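Take the sequence shown: its letter number 104 is residue 207 in our numbering, and every next letter is one higher. A short write-up of the structure that comes next.
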Amino acid sequence: MNTPEANVEFFRNLPAPTSPDIELLRPRFADDFKWHYFNDGIPELNKAYHGFDGWMQFFMDLAKITGGTFNVGLKTIYPIGTELVVVHALPNMTLDGLSLETDAAVVWRIVDGKVAEAWDIPGLNSAIRPQAMQKMTTEELVKADKARFKKVVAI
Numbered sequence: 104m105n106t107p108e109a110n111v112e113f114f115r116n117l118p119a120p121t122s123p124d125i126e127l128l129r130p131r132f133a134d135d136f137k138w139h140y141f142n143d144g145i146p147e148l149n150k151a152y153h154g155f156d157g158w159m160q161f162f163m164d165l166a167k168i169t170g171g172t173f174n175v176g177l178k179t180i181y182p183i184g185t186e187l188v189v190v191h192a193l194p195n196m197t198l199d200g201l202s203l204e205t206d207a208a209v210v211w212r213i214v215d216g217k218v219a220e221a222w223d224i225p226g227l228n229s230a231i232r233p234q235a236m237q238k239m240t241t242e243e244l245v246k247a248d249k250a251r252f253k254k255v256v257a258i
């Protein structure tokens with residue numbers, strides 16, 4: 104991951120955090136990787152997680168709180184130079200009996216070819232939508248935004 108294009112491709116193909124394939128990416132993460140989660144709606148998860156195992160623990164904790172309903176799709180991926188990538192994610196889950204989808208911005212930092220740090224910032228107010236809305240798979244979203252990805256990477 105040394106170019107904006109390679110960074111976009113990496114995150115575009117990132118397996119779901121609950122997929123067994125995620126373990127294959129462990130070598131692409133720095134040993135001291137930090138995952139920062141900001142969500143006053145789920146205060147028990149509102150903290151920094153350390154290392155790849157800490158990141159996986161975050162998703163296990165989130166699965167427990169959501170009864171295993173958590174899933175996430177990607178809408179757009181924006182490289183910022185060779186160090187930063189912003190992903191517009193679409194997390195969806197059932198929380199306290201409400202099935203919802205929201206927008207989230209995840210800012211990833213890549214240092215020396217490894218994912219070093221990330222900040223997950225979910226929309227908490229106007230971005231929350233009932234999950235009854237039509238869903239698109241990640242592949243459909245990527246296909247629909249392919250031209251936009253090319254434009255963003257070219258900038």
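Even glycine gets a Cβ: it sits at the ideal position worked out from N, Cα and C. Treat the numbers as computed from the prediction; the structure is a model and nothing was measured.
Endpoints, the alpha helix (DSSP H) within which residue i is located
| i | result |
| --- | --- |
| Gly157 | 154-168 |
| Glu108 | 107-115 |
Of the residues the options, the one placed nearest residue i, counting alpha carbons only
| i | options | result |
| --- | --- | --- |
| Asn174 | Thr197, Pro107, Lys150 | Thr197 |
| Phe114 | Ser202, Thr172, Ala192, Pro225 | Ala192 |
| Phe155 | Pro194, Asn110, Glu126, Asn228 | Glu126 |
| Asp199 | Gly171, Gly184, Asp135, Asn149 | Gly171 |
| Val190 | Asn149, Asn142, Val209 | Val209 |
| Ile183 | Asp164, Arg212, Met159, Ala166 | Arg212 |
| Lys137 | Glu147, Leu165, Met159, Leu117 | Met159 |
Beta-carbon proximity check, residue i vs residue j, cutoff 8 Å
| i | j | result |
| --- | --- | --- |
| Ile188 | Asn105 | Sequence inspection shows Val at residue 188; the Ile mentioned does not correspond to that position. Not in contact: Val188 and Asn105 (Cβ atoms no closer than 8 Å). |
| Tyr140 | Phe161 | yes |
| Ala119 | Val214 | no |
| Pro107 | Thr179 | no |
| Gly226 | Ala207 | yes |
| Arg129 | Val218 | no |
Run of the beta strand (DSSP E) containing residue i, from where it starts to where it stops
| i | result |
| --- | --- |
| Glu126 | Counting along the chain, Glu126 falls outside any beta strand (DSSP E), and DSSP gives it neither H nor E. |
| Asp223 | 217-225 |
| Asp206 | Unbroken run through Asp206: none, as it is neither H nor E. |
| Ile180 | 174-183 |
| Lys137 | 132-140 |
Neighbour-count burial assignment, residue i, 16 or more Cβ in a 10 Å radius
| i | result |
| --- | --- |
| Ala235 | At Ala235 the pLDDT is 43, less than 50, meaning the model places this residue with poor confidence; the figure from the coordinates comes in the next sentence. It counts as exposed. |
| Glu204 | buried |
| Ala221 | buried |
| Ser122 | exposed |
| Leu165 | buried |
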